[in-house]
Amino acid sequence: MYKILVVEDEDILREVIVDYLIADGYQVLEAADGEKAIEQFHSNPVDLVILDIVLPKLDGWSVCRRIRKSSGIPIIILTARSDEDDSLLGYELGADDYLIKPYSPRVLMAKVKRFLEKHADTIERTPLSSDGIVINMESRLVYADGITINLTHTEFEILAYLMQNKGIVITREQLITKVWGYDFYGDEKTVNSHIRNLRAKLGSKGNCIVTVIRSGYKFQEEPL
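Heads up, the final residue of the sequence shown is numbered 224 in full-length UniProt numbering, and it's a clean run with no missing numbers.
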């Protein structure tokens with residue numbers, strides 16, 4: 001049974017989310033402030049985090065940043081602001097998706113289900129390997145020249161999809177559909193932000209992800 005951490009300081013909103021999650025069969029942990037969220041995260045194995053941004057004691061950005069230091073589990077951000085800079089900041093800090101308040105609990109549940117299904121996907125067990133980058137699909141570990149690379153859920157999905165289609169140009173629309181699904185509310189800038197983060201984490205191997213102007217991206221090995 002999946003365990004989900006809900007971080008929301010508004011009691012009524014948190015209770016609604018918890019009720020929906022329990023009805024869908026999930027185990028739920030709750031936190032009403034950022035410090036409690038970090039405590040819960042480090043004390044319990046968690047599969048996904050639903051994270052409000054405006055929190056007492058420690059804001060959602062800080063919580064997201066701290067979780068990402070040790071884990072790549074899916075993080076869905078809840079925000080009352082529709083500011084583009086806020087959403088991009090969330091992605092840069094490692095969030096996988098976001099919802100703007102007020103939102104439909106059913107949409108949130110659909111996102112939760114999708115992320116957990118993808119996180120547990122075992123269709124492809126064979127490790128992917130190319131140009132010093134190795135992806136273990138079962139353990140979801142990534143190595144670059146033997147060094148472990150800590151990727152978020154979304155960064156992992158993007159890299160795996162590009163490597164599975166090595167040499168083929170993948171459009172931003174294809175990445176959005178594959179990684180986020182048809183209910184995605186962001187735009188192509190979201191893809192660009194994740195690609196930028198992914199390249200930075202891969203270091204010199206980030207050059208394998210090539211931008212194809214006005215088309216998208218492709219994974220190709222560096223020339224010898």
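C-beta: ideal position from N, C-alpha, C; glycine also.
Using DSSP with H/G/I as helix, E/B as strand and the rest coil, what is glutamine 40?
helix
Give me the Cα-Cα distance between glycine 206 and proline 45, rounded to the nearest whole angstrom.
31 Å
For the beta strand (DSSP E) containing valine 179, name the first residue and the last one.
Element bounds for valine 179: n/a, residue is neither H nor E.
For glycine 2, tell me which candidate among Asp145, Arg114 and Asp11 has the shortest Cα-Cα distance.
Correcting the residue identity first, residue 2 is tyrosine in this sequence and not glycine. Measuring from the Cα of tyrosine 2, the nearest candidate turns out to be Arg114.
Considering only DSSP beta bridges, list what glutamate 30 is partnered with.
Val6
For glutamate 124 and serine 139, what's the separation of their Cα atoms in angstroms?
The predicted model places glutamate 124 with a pLDDT of 47, which falls under 50 and marks its position as unreliable; any figure quoted below should be read in that light. The alpha-carbon atoms of glutamate 124 and serine 139 are separated by roughly 11 Å.
By Cβ distance below 6 Å, which residues in the same chain neighbour threonine 122 in space, the five residues on each side in sequence not counted?
Below a pLDDT of 50, predicted positions are generally treated as unreliable, and threonine 122, at 42, falls in that range; the measurement from the model is reported next regardless. No residues qualify anywhere along the chain.
Nearest-angstrom Cβ-Cβ length linking aspartate 11 and glycine 34, presumed shorter than 8 Å:
With 8 Å as the limit, aspartate 11 and glycine 34 do not qualify as a contact, their Cβ atoms being about 16 Å apart.
Contacts around leucine 224, its chain only, beta-carbon distance under 8 Å, and the 5 residues preceding and following it disregarded
Residue confidence is low: leucine 224 scores 45 on pLDDT, short of 50, so the model does not pin down where it sits. Its coordinate-derived value is still stated next. Cβ within range, chain order: n/a, list empty.
Name the DSSP bridge partner or partners of serine 129?
Val134
Which of the three DSSP states is assigned to tyrosine 91 in this structure?
helix
Cβ pair aspartate 97, lysine 111 closer than 8 Å
yes
Assign alanine 95 to buried or exposed, taking buried as 16 or more other Cβ atoms, counted over all protein chains shown, within 10 Å of its Cβ.
buried
Can you find the residues in the same chain that come closer than 8 Å, C-beta to C-beta, to leucine 93, ignoring five residues on each side of it along the sequence?
Trp61, Cys64, Arg65 and Arg68
Is DSSP giving threonine 122 helix, strand or coil here?
Note that threonine 122 scores a pLDDT of 42, beneath 50, so its modelled location is shaky; the value from the coordinates is reported in the next line. Reduced to three states, the DSSP call for threonine 122 is coil.
Buried or exposed by the 16-neighbour rule on C-beta atoms within 10 Å, applied to histidine 42
exposed
With a CB to CB cut of under 6 Å and the five nearest residues on each side skipped, what residues in its chain are close to glycine 90?
Ile77 and Tyr98
Here's the rule I'm using: 16 or more other beta-carbon atoms within 10 Å means buried, otherwise exposed. How should glycine 25 be labelled?
exposed
Is it right to say glycine 146 is buried, meaning 16 or more other beta carbons lie within 10 angstroms of its own, or is it exposed?
exposed
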